[in-house]
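Sequential numbering of the sequence shown, starting at 1, is according to the UniProt record's numbering.
Every residue, glycine too, gets a C-beta built ideally from N, C-alpha and C.
Here the structure is a predicted model, which means the values were calculated and not measured.
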Amino acid sequence: MQQLLHQLCRSRIPGLNTLRAGSRAIGRSRCQASLSAAATAGPLPGEVVVICGASKGIGLEVARQCLAAGALVAAIGRTAETSSGLATLAESPQGASRLLRISCDATDEEQLEGAAAAVRGRFGRADAVLSSVGMLSDPTGQVSVRQMPERSLQQVTAEQLLMNFKLNALAPALTAKHFMPLLLHAHRQAGAQQGVFASLSARVGSIGDNKKGGWYSYRASKAAQNQLLRTLAHETNRSRVGPIVLMLHPGTVDTDLSKPFHGVVTWELFPVERAASQLLDIIFRATPADNGKFLDWKGEEIPW
């Protein structure tokens, strides 16, 4: 019954299309109110979801929820084959036959090419790809939180700026480059038939929403990601079967990435379970009209 409600919520029934034509937020709330929270959109059994950056945090939780929904999951990350979280999923009844773990550096094209080939060999296609690779403070621990993210231009260094661009802009762009061919073979069972490529961006990457300054490297690298993927969306628009491209702001999530800043957060801090569910809801409700959009966790557009 839950799967039927799920399909109805994502279907192209005229009445639901009318709801989609109005406010995205209102349409979603009406759908959820009538079908209950259990009908939140996500992958259907047998659909193929690729997560790049799945070793921990949001990516790991997205993998867990996709497996629980019956999807086939390719979990990619630098430490995917040694990640304790992914090992637990692999040993679960859901993951035993439906989880593929691939260790891969998302900034290395040769490794990405190999990862895409492995997914093609195992599953033959991808219905959705999520890039959750990124950095906020220095992942090496060599730079203190007081220095990174930078509060002033005097704290900007070439090393930190390039590291941010490499992980926050280059990695998702290269992931899209190598996995787009698999999305062209998407076979989604409900809603829009196109595959979806989604990447975790951030509201602070918005130039129009920059009201406080600071965080030079992080802001600039997320803005660069948005420009790269917005340009890709125009490319896919030229084909009726081209994948849908989304840039998503998940909100502030309780993960290792944001942990150094929990003490100064004055807005809602999402548990990773809720953040992953919200992201999957947006990804699997996406239609061609959403291609190239920069959306927050509520599905509302963020200014560029």
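Start-to-end residues for the alpha helix (DSSP H) that takes in residue i
i: A54; result: Looking at the DSSP string, A54 is not in any alpha helix (DSSP H), and its letter there is neither H nor E.
i: G85; result: 84-91
i: D281; result: 272-285
i: L229; result: 216-237
i: V119; result: 109-123
Distance, residue j Cα to residue i Cα
i: Y218; j: S199; result: 15 Å
i: residue 305; j: A69; result: Past the boundaries of the shown model lies residue 305; the chain is included only from 1 to 304, so the question cannot be answered.
i: C66; j: A80; result: 16 Å
i: P288; j: Q194; result: 8 Å
i: H178; j: L112; result: 7 Å
i: Y216; j: L136; result: 11 Å
i: E300; j: C104; result: 32 Å
i: C9; j: S152; result: Unreliable positioning characterises C9 in this predicted model, as indicated by a pLDDT of 42, which lies under 50. The coordinate reading is nonetheless provided below. The alpha-carbon atoms of C9 and S152 are separated by roughly 47 Å.
i: residue 363; j: A220; result: Since the first residue of the chain shown is 1 and the last is 304, residue 363 is not available in this structure.
i: S11; j: N226; result: Confidence is the limiting factor: at S11 the pLDDT is only 42, short of 50, which leaves the residue's position unreliable, though a coordinate-based value still follows. C-alpha separation (whole angstroms): 29 Å.
i: A87; j: K211; result: 42 Å
i: G77; j: G213; result: 31 Å
i: F123; j: E150; result: 42 Å
i: R238; j: Q155; result: 42 Å
i: R28; j: I302; result: Reliability fails at R28, whose pLDDT of 39 lies under 50, so the model's placement of it is uncertain and the value that follows must be treated cautiously. Each residue's Cα considered, the two are about 18 Å apart.
i: A115; j: L232; result: 21 Å
i: R240; j: E110; result: 30 Å
i: D108; j: F270; result: 31 Å
Backbone secondary structure at residue i - three-state DSSP
i: A75; result: strand
i: E300; result: coil
i: C9; result: Unreliable positioning characterises C9 in this predicted model, as indicated by a pLDDT of 42, which lies under 50. The coordinate reading is nonetheless provided below. Of the three classes helix, strand and coil, the one that applies to C9 here is helix, per DSSP.
i: A128; result: strand
i: L136; result: coil
i: V253; result: strand
i: L44; result: coil
Endpoints, the beta strand (DSSP E) within which residue i is located
i: I207; result: Element bounds for I207: n/a, residue is neither H nor E.
i: S103; result: 99-103
i: L248; result: 244-249
> With a cut-off of 8 Å, do at least 3 Cβ pairs link the region 243-251 to the region 200-212?
Replying inline: yes
> Would you say the region 57-70 touches the region 121-137, given that touching needs at least three Cβ pairs under 8 Å?
Replying inline: yes
>> Just to confirm the assignment: which complete beta strand (DSSP E) runs, minimum length 3, are found wholly within the region 147-203?
In response: 196-200
>> With three or more C-beta pairs closer than 8 Å as the rule, is the region 39-47 touching the region 150-170?
In response: no
>> I want to know whether the region 236-244 touches the region 290-297 - three or more CB-CB distances under 8 Å.
In response: yes
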